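Visitor: The structure that follows is given in the form of structure tokens.
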Amino acid sequence: MNNPLPRLPEFEYIRLETIEKAAQFLKDHPGEAAPYLGGTDLFVGLRDRRKQPKYLVDLKHLEGLNSLTFDPAKGLTIGARVTLNQLIDHRDVQKNYPILCQAAKQVGGYQLRNRATLCGNICNASPCGDTIGPSMVYQGSVNIFGPDGTRSLPLEDFFLGPGKVALVDGEIVHSITLPLPPEGSQGMYLCHGRNKLSDLAIAAVSVLAYPDLTSASGFRFRIALSAVAPTVVIVEEAQVLLSENPIEPSHFEKAAHIARQSCKPIDDIRSSAEYRRELVYTLTSRALNQVWDSLQSV
Amino acid sequence: MKMHTINFTINGRKESLKVSSNLTLLHMIRENLALTGTKNGCEAGECGACTVLLNGEPVNSCMVLAVECDRAEIMTVEGLTENGELARLQESFKNLNAVQCGFCTPGMLITAYELLQRNPHPTPSEIKEALVGNLCRCTGYERIIQAVEQASGE
Numbered sequence: 001m002n003n004p005l006p007r008l009p010e011f012e013y014i015r016l017e018t019i020e021k022a023a024q025f026l027k028d029h030p031g032e033a034a035p036y037l038g039g040t041d042l043f044v045g046l047r048d049r050r051k052q053p054k055y056l057v058d059l060k061h062l063e064g065l066n067s068l069t070f071d072p073a074k075g076l077t078i079g080a081r082v083t084l085n086q087l088i089d090h091r092d093v094q095k096n097y098p099i100l101c102q103a104a105k106q107v108g109g110y111q112l113r114n115r116a117t118l119c120g121n122i123c124n125a126s127p128c129g130d131t132i133g134p135s136m137v138y139q140g141s142v143n144i145f146g147p148d149g150t151r152s153l154p155l156e157d158f159f160l161g162p163g164k165v166a167l168v169d170g171e172i173v174h175s176i177t178l179p180l181p182p183e184g185s186q187g188m189y190l191c192h193g194r195n196k197l198s199d200l201a202i203a204a205v206s207v208l209a210y211p212d213l214t215s216a217s218g219f220r221f222r223i224a225l226s227a228v229a230p231t232v233v234i235v236e237e238a239q240v241l242l243s244e245n246p247i248e249p250s251h252f253e254k255a256a257h258i259a260r261q262s263c264k265p266i267d268d269i270r271s272s273a274e275y276r277r278e279l280v281y282t283l284t285s286r287a288l289n290q291v292w293d294s295l296q297s298v
Numbered sequence: 001m002k003m004h005t006i007n008f009t010i011n012g013r014k015e016s017l018k019v020s021s022n023l024t025l026l027h028m029i030r031e032n033l034a035l036t037g038t039k040n041g042c043e044a045g046e047c048g049a050c051t052v053l054l055n056g057e058p059v060n061s062c063m064v065l066a067v068e069c070d071r072a073e074i075m076t077v078e079g080l081t082e083n084g085e086l087a088r089l090q091e092s093f094k095n096l097n098a099v100q101c102g103f104c105t106p107g108m109l110i111t112a113y114e115l116l117q118r119n120p121h122p123t124p125s126e127i128k129e130a131l132v133g134n135l136c137r138c139t140g141y142e143r144i145i146q147a148v149e150q151a152s153g154e
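As structure tokens, this is what we get:
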């Protein structure tokens, strides 16, 4: 009889002293070595044999990867090893990046978030990764270390498909940077799953809006949709609609309609595609109206 | 497969073991150390039955490698009792019948124990939020939440 709870397959655990050595090891073993942070997605993939690396290269002890720093000029830099609970508990994150906190709290249970990392959630590149949408509306970027040097990439150029990101062999995301949100910004993360917390999203919407005198409406909006396409969708057309015309309440319904048209959901065990489309409409409309109310009440 | 030697403290006792790369903390606790209070539920980080404290923080021990626990401090449900006496939290679970089949109980106790360490007087909604990662299929949760509340009130 097959064991319904298979043990982890065989692999070698690799722990190197520096990020240079870790990057070189990953480069020298393409397709065989997997970077290892919290492991909360990796272990699930190992157990059902979707992933079969020969080597797990632990990155958690590497210098600098544990830092979480906020600078009012540069914004927030989150080291790859920073756990979701560290992020949620950080005052500057709560104050300046509340949508990210809301989203991070949706990931698993408390004990899982003591291992799970923002960087892992992002590099795992699941379309339903809770923290991806908020990180994108905050216009985050990934900071990459590789055998040939360092580079930064905006998140919108990072995701290529489900589980696929724009990294080459040997590259390691060592941190994520979120610039300071625009003055007066308000936002929200609305997620619908089968239960209130901890389950994967069936669909989720991230909205960030802020006053901007250079736009016709006096505001700009950023809207991201999760779990409804191969990668997180930024709804450009709705963003333009809301910034290039004076705001009328009916525009939020129009924007929600555009969001529904922009997504490409699939049927899976959590939901039908059709239900996801309707959710996108409802969640987008609800989020935009609530964010608009918050902007008015400031 | 290469073996790694690790030294750690579990429930206040020092241990040294040789472990393979793919041995999880959960299997090390249950099989190498015969501490079977910690349960193996889902092996996917969802049910919380395998929750232990790793350096004071609750983690799903099915999602941690034993090899990472070199120099770590681990506490399992067996570590809650002192000199054979049940801890206050355990007494509350017993008094309020917060245990039915008991499979989730060790994980519930460890998660709740750590919650009370960082928040000695949690509200029912804080208790619920802290226990999101611990599934129970028998009790309907009410007794468990009451038990944590009772333990915090004394």
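Chains as they are written, first to last, in the working numbering: chain L, 1 to 298; chain P, 1 to 154. Ideal Cβ positions, reconstructed from N, Cα and C, are used throughout, including at glycine. Computed from a prediction, not measured in an experiment: that's the story for all the values here.
#1: To the nearest angstrom, how far is the alpha carbon of T51(P) from that of E43(P)?
#2: Since H4(P) meets chain L, which of its residues come closer than 8 angstroms, beta carbon to beta carbon?
#3: DSSP puts G146(L) in a beta bridge; with which residues?
#4: Assign E222(P) to one of two classes, buried (16 or more other C-beta atoms within 10 Å of its C-beta) or exposed (fewer than that).
#5: Would you verify that the beta carbon of T51(P) is, or is not, closer than 7 angstroms to some beta carbon of chain L?
#6: Would you kindly work out how many angstroms separate the C-alpha atoms of I99(L) and L225(L), rounded to a whole number?
#7: Check distances from the C-beta atoms of the segment 101 to 119 of chain L to those of chain P and list, in chain order, the residues that come in under 7 angstroms.
#8: Tell me, please, whether the CB atom of A176(P) is closer than 7 angstroms to any CB atom in chain L?
#9: Using a Cβ-Cβ cut-off of 8 angstroms (strictly less than) and excluding sequence neighbours within five positions of N245(L), which residues of its own chain qualify?
#10: Alpha carbon to alpha carbon, how far is M3(P) from L279(L)?
#11: If contacts are defined as beta-carbon pairs under 8 angstroms, then K128(P) and I145(P) qualify, I think. What distance do you get, rounded to the angstrom?
#12: Return the CA-CA distance between E57(P) and Q139(L), expressed in angstroms with no decimal places.
#13: In three-state DSSP terms, what is G120(L)?
#14: Please classify C138(P): does DSSP put it in a helix, a strand, or coil?
#15: With 9 angstroms as the C-beta to C-beta threshold (strictly closer), list the residues of the segment 64 to 82 of chain P near chain L in chain order.
#16: How many Å lie between T87(L) and A151(P) at the Cα?
#17: Smallest Cα separation from T105(P): which of E68(P), L131(P), N55(P)?
#18: Identify each residue in the segment 7 to 40 of chain L for which the Cβ-Cβ distance to at least one residue of chain P is less than 9 angstroms, and report them in chain order.
#19: Assign D58(L) to one of three DSSP states: helix, strand, or coil.
#20: Given that a residue counts as buried once 16 or more other Cβ atoms are within 10 Å of its Cβ, and exposed if not, what is I258(L)?
#21: Helix, strand or coil: which one does DSSP assign to P106(P)?
#22: Can you give me the Cβ contacts of I19(L) inside the same chain, cut-off strictly under 7 angstroms, excluding the 5 residues immediately before and after it?
#23: Taking DSSP as the reference, what is the three-state secondary structure of F11(L)?
#24: Does the distance from the CB of A203(L) to the CB of A227(L) come in under 7 angstroms?
#25: Below 8 angstroms between beta carbons is the criterion; list the residues of the segment 44 to 56 of chain L that meet it against any residue of chain P, in chain order.
#26: Do you know whose CA, among Y110(L), P182(L), I78(L), V57(L), lies nearest P35(L)'s CA?
#27: Assign S297(L) to buried or exposed, taking buried as 16 or more other Cβ atoms, counted over all protein chains shown, within 10 Å of its Cβ.
#28: Per the contact definition of three or more C-beta pairs closer than 8 angstroms, is the segment 126 to 141 of chain L in contact with the segment 93 to 109 of chain L?
#29: Less than 7 angstroms between C-beta atoms, sequence neighbours within five positions excluded: which residues of the same chain meet that for D70(P)?
#30: For S152(L), is the classification buried or exposed, using 16 other Cβ atoms within 10 angstroms of its Cβ as the cut-off for buried?
#31: What are the partner residues of M188(L), as DSSP defines its beta bridges?
#32: By how many angstroms is the C-alpha of D28(L) removed from the C-alpha of A22(L)?
#33: Does the beta-carbon distance from S61(P) to L35(P) come in below 7 angstroms?
#34: Whose C-alpha, out of T40(L), R276(L), M188(L), S294(L), is nearest the C-alpha of L112(L)?
#35: Strictly by DSSP, which residues pair up with A34(L)?
#36: Below 7 angstroms CB to CB, which residues in the same chain sit around A72(P) once its five sequence neighbours on both sides are set aside?
Guide: In short:
#1: T51(P) and E43(P): Cα-Cα distance of roughly 11 angstroms.
#2: Y13, listed in chain order.
#3: Per DSSP, G149(L).
#4: Past the edges of chain P, shown from 1 to 154, lies residue 222(P), and the structure says nothing about it.
#5: Taking Cβ atoms only, chain L reaches closer than 7 angstroms to T51(P), which makes this a yes.
#6: So the two alpha carbons sit approximately 14 angstroms from each other.
#7: Those would be G108, G109, Y110, Q111, L112, N114, R115, in chain order.
#8: No answer is possible for residue 176(P): it lies beyond the span of chain P, which begins at 1 and ends at 154.
#9: Hits under 8 angstroms: A216, S217, H251.
#10: Taking the straight line joining both Cα atoms gives about 50 angstroms.
#11: Rounded to whole angstroms, the Cβ separation of K128(P) and I145(P) is 6 angstroms, and the two are in contact under 8 angstroms.
#12: It is roughly 32 angstroms from the alpha-carbon of E57(P) to the alpha-carbon of Q139(L).
#13: In the displayed model, G120(L) falls within a helix according to three-state DSSP.
#14: Secondary structure of C138(P) (DSSP, three-state): coil.
#15: Within the segment 64 to 82 of chain P, the qualifying residues are V64, L65, V67, E68.
#16: Sequence inspection shows Leu at residue 87(L); the Thr mentioned does not correspond to that position. One alpha carbon belongs to L87(L), the other to A151(P), and they sit about 29 angstroms apart.
#17: Out of E68(P), L131(P), N55(P), L131(P) has the C-alpha closest to the C-alpha of T105(P).
#18: Under the 9 angstroms Cβ criterion, the segment 7 to 40 of chain L contributes R7, L8, P9, E10, F11, E12, Y13, I14, R15, Y36, G38, G39, T40.
#19: Assigned with DSSP and collapsed to three states, D58(L) falls in strand.
#20: By the neighbour-count rule (16 or more Cβ atoms within 10 Å), I258(L) is buried.
#21: Helix at P106(P).
#22: Here I19(L) has L62, F145, I172, H174 as same chain residues with Cβ atoms under 7 angstroms from its own Cβ, once five neighbours each way along the sequence are excluded.
#23: Coil.
#24: The criterion of a C-beta distance shorter than 7 angstroms is satisfied by A203(L) and A227(L).
#25: Those residues of the segment 44 to 56 of chain L placed with their C-beta closer than 8 angstroms to a C-beta in chain P are V44, R47, L56, ordered along the chain.
#26: Per the Cα distances, V57(L).
#27: By the neighbour-count criterion, in which a residue is buried when 16 or more other Cβ atoms sit within 10 angstroms of its Cβ, S297(L) is exposed.
#28: A contact exists between the segment 93 to 109 of chain L and the segment 126 to 141 of chain L.
#29: Listed in chain order, the non-local C-beta contacts of D70(P) below 7 angstroms within the same chain comprise I6, N7, F8, local neighbours out to five positions each way being set aside.
#30: Burial call: exposed.
#31: Looking at the DSSP output, M188(L) bridges to V207(L).
#32: Take the alpha-carbon of A22(L) and the one of D28(L): they are about 10 angstroms apart.
#33: The answer is no: Cβ separation not under 7 angstroms.
#34: Cα-wise, what sits closest to L112(L) is T40(L).
#35: Here A34(L) is bridged, per DSSP, to L56(L).
#36: Excluding positions up to five away in sequence, the list reads F8, L54, N55.
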